[in-house]
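Okay, so the sequence shown: first residue is 22 according to our numbering, each after it adds one. Here the structure comes first, spelled out in structure tokens, and everything after it is commentary.
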Amino acid sequence: MIDFNFIAEILPRLLNPFQVTIAVSLISLGLGLVLGLSLGMLWVMSAPGGPARLVLNSYVWFVRGTPIIIQIYIAYFFLPKLGFNWDVFWIGVVALTINTVGYQIEIVRAAIASIDQGQQEAALAIGMTDRHTMLWIILPQALRRMIPPLTNELANLVKASSILSVISLFELTKAGDAIIASSFRFVEVLALLSIFYFAIVQTLSRIAQYLENQVFSYGPPAPVGQSQ
Numbered sequence: 022m023i024d025f026n027f028i029a030e031i032l033p034r035l036l037n038p039f040q041v042t043i044a045v046s047l048i049s050l051g052l053g054l055v056l057g058l059s060l061g062m063l064w065v066m067s068a069p070g071g072p073a074r075l076v077l078n079s080y081v082w083f084v085r086g087t088p089i090i091i092q093i094y095i096a097y098f099f100l101p102k103l104g105f106n107w108d109v110f111w112i113g114v115v116a117l118t119i120n121t122v123g124y125q126i127e128i129v130r131a132a133i134a135s136i137d138q139g140q141q142e143a144a145l146a147i148g149m150t151d152r153h154t155m156l157w158i159i160l161p162q163a164l165r166r167m168i169p170p171l172t173n174e175l176a177n178l179v180k181a182s183s184i185l186s187v188i189s190l191f192e193l194t195k196a197g198d199a200i201i202a203s204s205f206r207f208v209e210v211l212a213l214l215s216i217f218y219f220a221i222v223q224t225l226s227r228i229a230q231y232l233e234n235q236v237f238s239y240g241p242p243a244p245v246g247q248s249q
């Protein structure tokens, strides 16, 4: 039987960690979107077999081929060796950004590749440069196609933030673990944690749905590569 009085009692103790989870997720999300879009476009516009694609492919293979906990430990142990003696919050941001960018590069690449090649050829035929064609013709259409897989990736990013507890970031899951350790009340704590994470993910999903239907409402969406 769930003790709702106990849930009401521990709720205030989870509000600050909840804010930490939102902050680390949103900062990683913002950095990931900027870097993922930029590097995804770089991949598309770089020469096949060139050094840029080789580096980006290696990066994507590493991120997609290793568990996120390994990437978190790499950031935690190697950033100080490089002179970045940051707080665990910012180490967590770096780790999550490294992870999500690896998936977002593939999402951007797949969305751009899904646009009819004939549009690029027509733009070049009337004198537009490759850069202008990408920015004004291809990218606006690709953006809407990126939204569904990006929504999935961003939800995964929020849930992945719970693993930052392994480097002692006092986010939502770490706070829940501390309460469980002191009270041995598993059901109530896990239920409340689930509600918090569900609220974040649903909010992001609603925002993405609004962007897809209202802001980027031109043309039919098309499914592209999925993330994790």
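Cβ atoms here follow ideal geometry from the backbone N, Cα and C, with glycine treated the same way. Everything numeric in this text was worked out from a predicted model, so none of it was measured.
1. Indicate the three-state DSSP secondary structure (helix, strand or coil) for P88 in the structure shown.
2. Contact between the segment 148-168 and the segment 86-103: three or more CB pairs below 8 Å?
3. Write down the C-beta distance between L178 and T121 rounded to the nearest angstrom, noting that I regard them as a contact closer than 8 Å.
4. State the DSSP-derived secondary structure class of G246, mapped to helix, strand or coil.
5. Considering T150, what are the terminal residues of the alpha helix (DSSP H) in which it resides?
6. If you count every other CB in all the chains shown that lies within 10 Å of the CB of E209, and 16 or more means buried, which is it?
7. Enumerate in chain order the residues of its own chain whose CB-to-CB distance from Q249 is below 6 Å, with the five nearest sequence positions on each side excluded.
8. Hey, how far is the Cα of V45 from the Cα of I91?
9. Counting along the chain, where does the alpha helix (DSSP H) carrying G113 start and finish?
10. I need the straight-line Cα distance from A73 to S59, nearest angstrom please.
11. Check the C-beta distance from L175 over to L35 and give it rounded, since I have them as a contact under 8 Å.
12. Have a look at P244 and L160 and give me their C-alpha separation to the nearest angstrom.
13. On the three-state DSSP scale, how would you describe F205?
14. Could you name the residues of the same chain whose beta carbon sits closer than 7 Å to that of V109, not counting the 5 residues immediately before and after it, in chain order?
15. Just the C-alpha distance for W107 and P101, rounded to the nearest angstrom, thanks.
16. Apart from the five residues on each side of it in sequence, which residues of its chain come closer than 7 Å, Cβ to Cβ, to I201?
Let me lay it out:
1. Note: P88 maps to coil in three-state DSSP.
2. Contact between the segment 148-168 and the segment 86-103 is absent: fewer than 3 CB-CB pairs across the two stretches fall below 8 Å.
3. With 8 Å as the limit, L178 and T121 qualify as a contact, their Cβ atoms being about 5 Å apart.
4. Note that G246 has pLDDT 45, beneath the 50 cutoff, so the model's placement of it is unreliable and no number is given.
5. Element bounds for T150: n/a, residue is neither H nor E.
6. Flag for E209 reads buried.
7. At Q249 the pLDDT is 42, less than 50, meaning the model places this residue with poor confidence; the figure from the coordinates comes in the next sentence. For Q249, where only same-chain residues beyond five positions count, the Cβ hits under 6 Å are N177.
8. Whole-angstrom Cα-Cα distance: 18 Å.
9. Annotation for G113: the continuous alpha helix (DSSP H) segment containing it runs V109 to A134.
10. Rounded to whole angstroms, A73 and S59 show a C-alpha spacing of 12 Å.
11. Between L175 and L35, the beta carbon gap of about 22 Å keeps them out of contact (Cβ cut-off 8 Å).
12. Legend: pLDDT at P244 = 49, less than 50; position of this residue unreliable, value from coordinates given subsequently. If you take the alpha carbons of P244 and L160, they lie about 16 Å apart.
13. Residue state, collapsed to three classes: coil.
14. Answer for V109: I188, S189 and L190, listed in chain order.
15. Distance between the alpha carbons of W107 and P101: 7 Å.
16. Around I201: F207 and V210.
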